[in-house]
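Numbering (the working numbering), first residue to last: 6 to 231.
Ideal Cβ positions, reconstructed from N, Cα and C, are used throughout, including at glycine.
Working notes for the structure below.
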Amino acid sequence: MTMQLAISNPSAALKTHTGWMAGQPSAEPLGMAGAVTHVREGHEIFAEGEETELFYKVVSGVVRVCKFLSDGRRQIEAFHVAGEVFGFELGTEHILSAEAVSDCTLVSYRRRNVEMIAQKNHAVTQHLFEVAMQSLAQAQSHSLLLGRRGAAEKVAGFLLTWAAHSADRRTVHLAMTRQDIADYLGLTIETVSRSLSQLERDGVIALSSVREIRIKNIDQLEDLAA
6 MTMQLAISNP SAALKTHTGW MAGQPSAEPL GMAGAVTHVR EGHEIFAEGE
56 ETELFYKVVS GVVRVCKFLS DGRRQIEAFH VAGEVFGFEL GTEHILSAEA
106 VSDCTLVSYR RRNVEMIAQK NHAVTQHLFE VAMQSLAQAQ SHSLLLGRRG
156 AAEKVAGFLL TWAAHSADRR TVHLAMTRQD IADYLGLTIE TVSRSLSQLE
206 RDGVIALSSV REIRIKNIDQ LEDLAA
């Protein structure tokens, strides 16, 4: 299958190159260059079953990695934000699909080229190890989140995770929809909406808008998520 990318500027699909450790030139291994690609919101980056020829680093935007079940349901395994790498897998085929939650700028790397460089460059090998550990940590975090007893606990844990991306840990900016959150937490969209409304009634959060949530009582939110 062919990777389906929606390019915001077709003539500039591969308009420039950037290093593996973008923003950290002193740590950038020689030869680690990738192609910058722009993907529009809602478009597929790669599909389950496609060859793992490329993997990606997020420069801006949010990406969801998910699996579509035989009954039509979607299970979101992870969200990736700026600085995170996704699509680097052990097998020759992707076991999950990846889609742009928002307009994204990505850097794509050819797996074969990276593996060849890694054989001679310890810094690249170390980066690949860090990528693997990052993926493992995210999977463990998601598993722990799903293991929480009630819907309110799961939603609270999710909000705390995203609050960590803000400077003050008080404002949660959500690129994803309520349906995305539901598919990530293993809940229905109605349950997610009810849980958020209850947290607002309890004075824990304020729903500033559909995509912005202000945390009013972070201690109570942490207690609920514990």
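The DSSP-derived three-state label of I100 is coil. Per DSSP, the continuous beta strand (DSSP E) segment holding S113 begins and ends at C109 to R115. DSSP, reduced to helix, strand and coil, places G152 outside both helices and strands of the structure shown, so it counts as coil. CA-to-CA, the gap between A156 and L149 works out to about 13 angstroms. Rounded to the nearest whole angstrom, the C-alpha separation of V90 and L179 is 20 angstroms.
Secondary structure note for A187: its alpha helix (DSSP H) is the uninterrupted segment R183 to L190.
Checking the DSSP bridge columns, you'll see F163 has no partner listed. Beta-bridge partners of Q145 (DSSP): none assigned. Remark: C-beta atoms of R219 and A211 approach each other more closely than 8 angstroms.
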